[in-house]
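Worksheet: the structure to be examined is printed underneath.
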Amino acid sequence: FISGSGYTGTWSVPLPWLDYQDYITRLVCEPGITDLGTIYEPFSNLKEVYLADTVVRVRTTFSGASKLEYVDFSKNLKEIWNGAFSGCPLTRISALPNSITTIENGAFSNSAFEHITLPTKLEVIPDALFSGNGNLKSVTLGPNVKQIGLGQTEGPFYCCYSLTSINFPEGLEVIEKHAFGQCTSLT
Numbered sequence: 009f010i011s012g013s014g015y016t017g018t019w020s021v022p023l024p025w026l027d028y029q030d031y032i033t034r035l036v037c038e039p040g041i042t043d044l045g046t047i048y049e050p051f052s053n054l055k056e057v058y059l060a061d062t063v064v065r066v067r068t069t070f071s072g073a074s075k076l077e078y079v080d081f082s083k084n085l086k087e088i089w090n091g092a093f094s095g096c097p098l099t100r101i102s103a104l105p106n107s108i109t110t111i112e113n114g115a116f117s118n119s120a121f122e123h124i125t126l127p128t129k130l131e132v133i134p135d136a137l138f139s140g141n142g143n144l145k146s147v148t149l150g151p152n153v154k155q156i157g158l159g160q161t162e163g164p165f166y167c168c169y170s171l172t173s174i175n176f177p178e179g180l181e182v183i184e185k186h187a188f189g190q191c192t193s194l195t
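So the sequence shown is numbered by the numbering used here: it starts at 9 and just counts up by one.
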């Protein structure tokens, strides 16, 4: 359990739980925490994360948690930072809440879920968001998405080989050149 209030801070070695990290498979963020900080040493056996509804921001907290399979998101989450879940083999996630206004580059790169519905308030789909997710089959974009990709060579859906279905909202203005690079199943 992570308990307390407000911002958890940025953690680096030596971590208070370092001696126990091999035994931590489930993390529950209790009410009161609003902002999960960056962790510079990934949880080696973490499989599930449950975020209290007080959490509004997730920084690069779980990047590299190589066994993380499930996240239950806060219903009030507003921001997911760059690489927050990068390298996590997420096979299941709860619905991304519509309260999210910002998801940064690579937040879910190399994950493994098959379907995702993006929040309705999200306007920009950043680069490398789902890059390397070879299992991703379908994406439902929110009605306010104006731009897909930011112009980098590794677009939001780079190497999503199984992607076959994506909807484009009426107000979409920009699809960057590399947004769907190596999406070989998309026609």
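Beta carbons: idealized from backbone N, C-alpha and C, even for Gly.
Selection from the options that minimises the alpha carbon distance to residue i
| i | options | result |
| --- | --- | --- |
| residue 140 | 150, 125, 171 and 153 | 171 |
| residue 200 | 41, 52, 180 and 65 | Since the first residue of the chain shown is 9 and the last is 195, residue 200 is not available in this structure. |
| residue 52 | 62, 95, 29 and 37 | 29 |
| residue 154 | 61, 175 and 160 | 175 |
| residue 96 | 50, 108 and 73 | 73 |
Cut-off 8 Å between Cβ atoms - residues of its own chain near residue i, not counting five sequence neighbours on either side
| i | result |
| --- | --- |
| residue 137 | 111, 113, 114, 115, 116, 117, 164 and 165 |
| residue 151 | 128, 177, 178 and 179 |
| residue 17 | 45 |
C-alpha distance - residue i paired with residue j, whole-angstrom precision
| i | j | result |
| --- | --- | --- |
| residue 43 | residue 93 | 15 Å |
| residue 65 | residue 195 | 35 Å |
| residue 84 | residue 168 | 28 Å |
| residue 58 | residue 32 | 13 Å |
| residue 120 | residue 14 | 31 Å |
| residue 162 | residue 90 | 14 Å |
| residue 88 | residue 108 | 8 Å |
8 Å Cβ cutoff, residue i in contact with chain B
| i | result |
| --- | --- |
| residue 135 | Looking at the structure shown, chain B is missing, and only one protein chain is on hand. |
Residue i burial status per 10 Å Cβ neighbour count (16 or more: buried)
| i | result |
| --- | --- |
| residue 26 | exposed |
| residue 134 | buried |
| residue 173 | exposed |
| residue 100 | exposed |
| residue 71 | buried |
| residue 63 | buried |
| residue 79 | buried |
Neighbourhood of residue i by C-beta, 7 Å cutoff - its chain only, sequence neighbours within 5 removed
| i | result |
| --- | --- |
| residue 123 | 145 and 146 |
Opening and closing residue of the beta strand (DSSP E) in which residue i lies
| i | result |
| --- | --- |
| residue 146 | 146-148 |
The ligand SAM heavy atom lying under 7 Å from the CB of residue i
| i | result |
| --- | --- |
| residue 51 | Among the ligands in the structure shown, none appear at all, so the ligand SAM cannot be discussed. |
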